[in-house]
Amino acid sequence: MAHPAYFSVLKQSARHLVGLYDLFPRVARLVSSQQKWLLSQSAYALHLERDPDDPLSGITAARLLDIMVKFGAASRNTATAFLAEMLAYKLIRDVPGNTNRRSRPLEPTEISADAMQKWFRGQMHSLDLLDAGDRIAKLDADPTIFDRAQPVAAKKLIENKGWRDPPACIAAFVWMENGGLLLDDFMSRIIVTGAASPTYEVENLSFSELSTHYGLSRTHIRRLFSRAETEGWIRRQESAGRKRRLWVSPVLVKAYMEWQAIKISTLSQAFLAAATTERKRPSEPRLAQLLEPAS
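Residue numbers (our numbering): 1356 to 1650.
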(Lines of atoms letter the chains of each structure in order from A and count residues from 1; the text may use other names and numbers.)
(Lines give C-alpha, C1' and ligand atoms only; values in the text may rest on other atoms or scores of the structure.)
Protein backbone atom coordinates (compact mmCIF):
# COMPACT_ATOMS: atom_id res chain seq x y z
CA MET A 1 0.00 0.00 0.00
CA ALA A 2 2.87 2.38 0.75
CA HIS A 3 4.73 1.73 -2.51
CA PRO A 4 4.61 4.91 -4.63
CA ALA A 5 3.94 2.91 -7.81
CA TYR A 6 1.32 0.61 -6.28
CA PHE A 7 -1.78 2.20 -7.78
CA SER A 8 -0.11 2.50 -11.19
CA VAL A 9 0.73 -1.20 -11.06
CA LEU A 10 -2.87 -2.00 -10.10
CA LYS A 11 -4.08 -0.05 -13.13
CA GLN A 12 -1.68 -2.02 -15.34
CA SER A 13 -2.95 -5.25 -13.79
CA ALA A 14 -6.56 -4.20 -14.44
CA ARG A 15 -5.70 -3.52 -18.08
CA HIS A 16 -4.19 -7.01 -18.27
CA LEU A 17 -7.44 -8.47 -16.95
CA VAL A 18 -9.40 -6.54 -19.58
CA GLY A 19 -7.01 -8.00 -22.16
CA LEU A 20 -7.70 -11.50 -20.86
CA TYR A 21 -11.40 -10.86 -21.39
CA ASP A 22 -10.66 -10.05 -25.03
CA LEU A 23 -8.67 -13.32 -25.36
CA PHE A 24 -11.06 -15.52 -23.35
CA PRO A 25 -14.45 -13.75 -23.25
CA ARG A 26 -16.44 -16.82 -22.28
CA VAL A 27 -14.05 -17.77 -19.48
CA ALA A 28 -13.79 -14.18 -18.23
CA ARG A 29 -17.54 -13.69 -18.07
CA LEU A 30 -17.92 -16.91 -16.11
CA VAL A 31 -15.52 -15.70 -13.40
CA SER A 32 -16.42 -12.00 -13.33
CA SER A 33 -18.32 -12.08 -10.05
CA GLN A 34 -16.73 -12.77 -6.68
CA GLN A 35 -18.64 -16.00 -6.16
CA LYS A 36 -17.57 -17.42 -9.49
CA TRP A 37 -13.99 -16.21 -9.04
CA LEU A 38 -13.80 -18.15 -5.78
CA LEU A 39 -15.43 -21.16 -7.42
CA SER A 40 -13.03 -21.18 -10.38
CA GLN A 41 -9.91 -20.78 -8.22
CA SER A 42 -11.08 -23.52 -5.84
CA ALA A 43 -11.93 -25.86 -8.71
CA TYR A 44 -8.54 -25.35 -10.33
CA ALA A 45 -6.76 -25.92 -7.03
CA LEU A 46 -8.63 -29.19 -6.54
CA HIS A 47 -7.58 -30.19 -10.06
CA LEU A 48 -3.90 -29.46 -9.39
CA GLU A 49 -4.06 -31.38 -6.10
CA ARG A 50 -5.46 -34.45 -7.84
CA ASP A 51 -3.69 -37.70 -6.99
CA PRO A 52 -3.42 -39.87 -10.16
CA ASP A 53 -3.56 -42.95 -7.93
CA ASP A 54 -6.86 -41.84 -6.41
CA PRO A 55 -9.56 -41.69 -9.09
CA LEU A 56 -11.94 -39.87 -6.74
CA SER A 57 -9.56 -36.98 -5.98
CA GLY A 58 -9.49 -33.67 -7.84
CA ILE A 59 -12.55 -31.70 -8.86
CA THR A 60 -15.86 -33.27 -7.96
CA ALA A 61 -19.14 -31.45 -7.66
CA ALA A 62 -19.63 -32.62 -4.07
CA ARG A 63 -16.17 -31.48 -2.95
CA LEU A 64 -16.48 -28.06 -4.57
CA LEU A 65 -19.97 -27.52 -3.16
CA ASP A 66 -18.83 -28.47 0.34
CA ILE A 67 -15.93 -25.98 0.25
CA MET A 68 -18.15 -23.14 -0.93
CA VAL A 69 -20.84 -23.83 1.64
CA LYS A 70 -18.33 -24.20 4.48
CA PHE A 71 -17.06 -20.66 3.93
CA GLY A 72 -20.36 -19.12 2.88
CA ALA A 73 -18.78 -18.19 -0.45
CA ALA A 74 -21.65 -19.50 -2.56
CA SER A 75 -24.83 -21.49 -2.16
CA ARG A 76 -25.12 -25.04 -3.41
CA ASN A 77 -27.46 -23.83 -6.16
CA THR A 78 -24.93 -21.23 -7.34
CA ALA A 79 -22.06 -23.73 -7.31
CA THR A 80 -24.13 -26.37 -9.10
CA ALA A 81 -25.21 -23.88 -11.79
CA PHE A 82 -21.58 -22.75 -12.19
CA LEU A 83 -20.37 -26.29 -12.86
CA ALA A 84 -23.23 -26.83 -15.31
CA GLU A 85 -22.20 -23.68 -17.21
CA MET A 86 -18.56 -24.76 -17.28
CA LEU A 87 -19.55 -28.16 -18.65
CA ALA A 88 -21.93 -26.68 -21.21
CA TYR A 89 -19.27 -24.30 -22.53
CA LYS A 90 -16.66 -27.09 -22.55
CA LEU A 91 -14.43 -25.33 -20.02
CA ILE A 92 -14.30 -28.47 -17.88
CA ARG A 93 -14.81 -32.09 -18.84
CA ASP A 94 -15.00 -35.56 -17.32
CA VAL A 95 -11.68 -37.13 -16.42
CA PRO A 96 -11.17 -39.88 -19.02
CA GLY A 97 -11.22 -43.46 -17.90
CA ASN A 98 -13.31 -43.02 -14.76
CA THR A 99 -15.46 -46.08 -14.09
CA ASN A 100 -16.62 -45.23 -10.59
CA ARG A 101 -20.34 -44.59 -10.58
CA ARG A 102 -20.31 -42.93 -7.16
CA SER A 103 -18.29 -39.95 -8.28
CA ARG A 104 -17.73 -37.86 -11.39
CA PRO A 105 -14.21 -36.35 -11.32
CA LEU A 106 -13.73 -33.36 -13.64
CA GLU A 107 -10.76 -31.53 -15.12
CA PRO A 108 -10.23 -28.18 -16.89
CA THR A 109 -10.04 -28.15 -20.67
CA GLU A 110 -7.07 -26.61 -22.45
CA ILE A 111 -8.67 -23.17 -22.83
CA SER A 112 -9.37 -22.95 -19.09
CA ALA A 113 -5.83 -24.01 -18.25
CA ASP A 114 -4.39 -21.44 -20.66
CA ALA A 115 -6.56 -18.65 -19.20
CA MET A 116 -5.63 -19.50 -15.61
CA GLN A 117 -1.92 -19.65 -16.38
CA LYS A 118 -2.02 -16.31 -18.20
CA TRP A 119 -3.89 -14.77 -15.27
CA PHE A 120 -1.24 -16.05 -12.84
CA ARG A 121 1.57 -14.83 -15.06
CA GLY A 122 0.00 -11.36 -15.19
CA GLN A 123 -0.14 -11.24 -11.40
CA MET A 124 3.52 -12.24 -11.18
CA HIS A 125 4.40 -9.48 -13.66
CA SER A 126 2.65 -6.96 -11.40
CA LEU A 127 4.68 -8.16 -8.42
CA ASP A 128 7.90 -7.91 -10.42
CA LEU A 129 7.04 -4.30 -11.27
CA LEU A 130 6.69 -3.51 -7.58
CA ASP A 131 9.93 -5.01 -6.31
CA ALA A 132 12.04 -5.51 -9.47
CA GLY A 133 11.74 -9.24 -8.85
CA ASP A 134 12.43 -12.14 -11.19
CA ARG A 135 9.25 -14.19 -10.81
CA ILE A 136 8.53 -14.26 -14.54
CA ALA A 137 12.07 -15.47 -15.27
CA LYS A 138 11.70 -18.19 -12.64
CA LEU A 139 8.31 -19.16 -14.01
CA ASP A 140 9.77 -19.42 -17.52
CA ALA A 141 12.57 -21.63 -16.19
CA ASP A 142 10.20 -23.81 -14.16
CA PRO A 143 6.51 -23.64 -15.22
CA THR A 144 5.62 -26.17 -12.50
CA ILE A 145 5.91 -23.33 -9.97
CA PHE A 146 2.39 -22.38 -11.06
CA ASP A 147 1.13 -25.90 -10.31
CA ARG A 148 2.42 -25.64 -6.74
CA ALA A 149 1.60 -22.00 -6.06
CA GLN A 150 -1.99 -21.75 -7.31
CA PRO A 151 -3.52 -24.25 -4.84
CA VAL A 152 -1.70 -22.58 -1.91
CA ALA A 153 -2.95 -19.13 -2.92
CA ALA A 154 -6.49 -20.35 -3.59
CA LYS A 155 -6.74 -21.97 -0.16
CA LYS A 156 -5.40 -18.91 1.65
CA LEU A 157 -7.68 -16.53 -0.25
CA ILE A 158 -10.84 -18.53 0.30
CA GLU A 159 -10.00 -18.72 4.01
CA ASN A 160 -9.32 -14.96 4.18
CA LYS A 161 -12.54 -13.15 5.09
CA GLY A 162 -11.04 -9.81 4.01
CA TRP A 163 -10.69 -11.11 0.45
CA ARG A 164 -13.77 -13.31 0.44
CA ASP A 165 -16.09 -10.55 1.68
CA PRO A 166 -14.84 -7.24 0.26
CA PRO A 167 -15.93 -3.79 1.57
CA ALA A 168 -19.39 -2.59 0.56
CA CYS A 169 -18.12 -0.25 -2.16
CA ILE A 170 -16.22 -3.16 -3.80
CA ALA A 171 -18.94 -5.72 -3.13
CA ALA A 172 -21.45 -3.49 -4.95
CA PHE A 173 -19.53 -4.32 -8.11
CA VAL A 174 -18.01 -7.76 -7.65
CA TRP A 175 -21.06 -9.48 -6.18
CA MET A 176 -23.05 -8.41 -9.25
CA GLU A 177 -22.98 -10.59 -12.36
CA ASN A 178 -20.11 -9.32 -14.57
CA GLY A 179 -19.47 -6.50 -12.08
CA GLY A 180 -15.84 -7.49 -11.66
CA LEU A 181 -15.23 -6.79 -15.35
CA LEU A 182 -16.67 -3.30 -15.06
CA LEU A 183 -14.74 -2.53 -11.87
CA ASP A 184 -11.42 -3.54 -13.45
CA ASP A 185 -12.26 -1.61 -16.62
CA PHE A 186 -13.01 1.72 -15.00
CA MET A 187 -10.21 1.39 -12.42
CA SER A 188 -7.78 0.93 -15.34
CA ARG A 189 -8.96 4.27 -16.77
CA ILE A 190 -8.49 6.41 -13.66
CA ILE A 191 -6.33 9.50 -14.02
CA VAL A 192 -4.76 10.73 -10.77
CA THR A 193 -4.30 14.49 -10.44
CA GLY A 194 -2.81 16.38 -7.51
CA ALA A 195 -0.29 15.19 -4.96
CA ALA A 196 -1.20 16.31 -1.45
CA SER A 197 -4.94 15.76 -2.02
CA PRO A 198 -5.20 13.59 -5.14
CA THR A 199 -8.39 13.41 -7.17
CA TYR A 200 -9.37 10.40 -9.24
CA GLU A 201 -11.09 10.99 -12.56
CA VAL A 202 -12.28 8.93 -15.50
CA GLU A 203 -12.89 10.80 -18.73
CA ASN A 204 -15.14 9.80 -21.62
CA LEU A 205 -16.78 6.83 -19.95
CA SER A 206 -19.44 5.50 -22.30
CA PHE A 207 -22.04 3.02 -21.08
CA SER A 208 -22.77 2.22 -24.72
CA GLU A 209 -19.13 1.28 -25.39
CA LEU A 210 -18.97 -0.80 -22.19
CA SER A 211 -22.17 -2.55 -23.24
CA THR A 212 -20.79 -3.37 -26.69
CA HIS A 213 -17.36 -4.46 -25.42
CA TYR A 214 -18.63 -6.79 -22.71
CA GLY A 215 -21.93 -7.87 -24.23
CA LEU A 216 -23.90 -6.47 -21.28
CA SER A 217 -27.15 -4.53 -21.29
CA ARG A 218 -26.89 -0.79 -20.74
CA THR A 219 -29.63 -1.16 -18.12
CA HIS A 220 -27.43 -3.52 -16.10
CA ILE A 221 -24.43 -1.16 -16.37
CA ARG A 222 -26.51 1.91 -15.55
CA ARG A 223 -28.02 0.21 -12.50
CA LEU A 224 -24.60 -0.72 -11.15
CA PHE A 225 -23.11 2.75 -11.57
CA SER A 226 -26.27 4.45 -10.31
CA ARG A 227 -26.02 2.58 -7.03
CA ALA A 228 -22.36 3.59 -6.69
CA GLU A 229 -23.34 7.20 -7.34
CA THR A 230 -26.17 7.08 -4.81
CA GLU A 231 -23.73 5.80 -2.16
CA GLY A 232 -21.26 8.58 -2.97
CA TRP A 233 -18.55 6.29 -4.29
CA ILE A 234 -18.57 7.97 -7.70
CA ARG A 235 -19.91 11.22 -9.14
CA ARG A 236 -20.87 11.67 -12.78
CA GLN A 237 -21.03 14.67 -15.05
CA GLU A 238 -22.77 14.35 -18.39
CA SER A 239 -20.72 15.49 -21.37
CA ALA A 240 -21.43 15.91 -25.06
CA GLY A 241 -23.05 12.88 -26.66
CA ARG A 242 -23.12 9.83 -24.45
CA LYS A 243 -19.71 10.29 -22.86
CA ARG A 244 -19.46 10.84 -19.11
CA ARG A 245 -16.84 12.29 -16.86
CA LEU A 246 -16.61 10.45 -13.60
CA TRP A 247 -15.00 11.33 -10.29
CA VAL A 248 -14.09 8.35 -8.11
CA SER A 249 -14.20 8.69 -4.34
CA PRO A 250 -10.86 8.24 -2.51
CA VAL A 251 -12.81 5.84 -0.28
CA LEU A 252 -13.46 3.54 -3.24
CA VAL A 253 -9.88 3.78 -4.53
CA LYS A 254 -8.40 3.04 -1.08
CA ALA A 255 -10.77 0.09 -0.58
CA TYR A 256 -9.81 -1.31 -3.99
CA MET A 257 -6.10 -0.93 -3.19
CA GLU A 258 -6.46 -2.63 0.19
CA TRP A 259 -8.58 -5.46 -1.20
CA GLN A 260 -6.18 -6.12 -4.07
CA ALA A 261 -3.23 -5.99 -1.65
CA ILE A 262 -4.64 -9.07 0.11
CA LYS A 263 -4.62 -11.01 -3.16
CA ILE A 264 -1.23 -9.77 -4.35
CA SER A 265 0.57 -10.42 -1.05
CA THR A 266 -1.01 -13.90 -0.82
CA LEU A 267 0.14 -14.72 -4.35
CA SER A 268 3.62 -13.43 -3.52
CA GLN A 269 3.86 -15.73 -0.49
CA ALA A 270 2.51 -18.70 -2.46
CA PHE A 271 5.01 -18.10 -5.28
CA LEU A 272 7.91 -17.91 -2.83
CA ALA A 273 6.87 -21.18 -1.19
CA ALA A 274 6.45 -22.90 -4.55
CA ALA A 275 9.70 -21.57 -6.03
CA THR A 276 11.77 -22.86 -3.11
CA THR A 277 10.38 -26.41 -2.97
CA GLU A 278 12.21 -27.70 -6.07
CA ARG A 279 9.34 -29.42 -7.82
CA LYS A 280 7.88 -30.73 -4.57
CA ARG A 281 4.55 -29.52 -3.32
CA PRO A 282 4.72 -26.85 -0.57
CA SER A 283 4.04 -28.17 2.92
CA GLU A 284 0.77 -26.20 3.13
CA PRO A 285 -2.39 -28.24 3.81
CA ARG A 286 -4.30 -29.05 0.63
CA LEU A 287 -7.57 -27.31 -0.20
CA ALA A 288 -9.47 -30.60 0.06
CA GLN A 289 -8.21 -30.95 3.64
CA LEU A 290 -10.39 -28.02 4.64
CA LEU A 291 -13.24 -30.51 4.57
CA GLU A 292 -11.57 -33.03 6.84
CA PRO A 293 -12.65 -33.04 10.51
CA ALA A 294 -10.18 -31.59 12.99
CA SER A 295 -8.12 -34.25 14.75
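Note that beta-carbon positions come from the ideal geometry of N, C-alpha and C, so glycine has one too.
Between the segment 1462-1471 and the segment 1610-1617, the count of C-beta pairs closer than 8 Å stays below three; the two stretches do not touch. Our two residues, Ile-1589 and Phe-1379, have alpha carbons roughly 29 Å apart in a direct line. Contact annotation: Ala-1630 and Arg-1582 have beta-carbon atoms that are not nearer than 8 Å. A contact is defined here as three or more CB-CB pairs under 8 Å, and the segment 1529-1545 fails this definition with respect to the segment 1491-1509. The beta carbon of Gly-1587 lies closer than 7 Å to those of Ser-1604 in the same chain, with the five residues before and after it left out.
Contact annotation: Ala-1417 and Leu-1438 have beta-carbon atoms that are not nearer than 8 Å. With a cut-off of 8 Å on Cβ pairs, the segment 1432-1448 is not in contact with the segment 1507-1517, counting fewer than three such pairs. Here Asn-1432 is exposed. Its C-beta has fewer than 16 other C-beta atoms within 10 Å. For Gln-1390 against Ala-1429, the beta-carbon gap comes to about 4 Å, under 8 Å, which counts as contact.
If you ignore the 5 residues before and after Arg-1448, its C-beta comes within less than 6 Å of the C-beta of Thr-1464, all in its own chain and listed in chain order. Here Pro-1463 is bridged, per DSSP, to Ile-1447.
Between Leu-1375 and Trp-1474, the CB-CB gap stays under 8 Å. Its chain contains Ile-1576 as the residues whose beta carbon lies nearer than 6 Å to that of Leu-1565, once the 5 sequence neighbours on both sides are disregarded; these appear in chain order.
Closest in C-alpha terms to Gly-1477, from the list Ala-1628, Ser-1563, Ile-1619, Phe-1362, comes Ile-1619.
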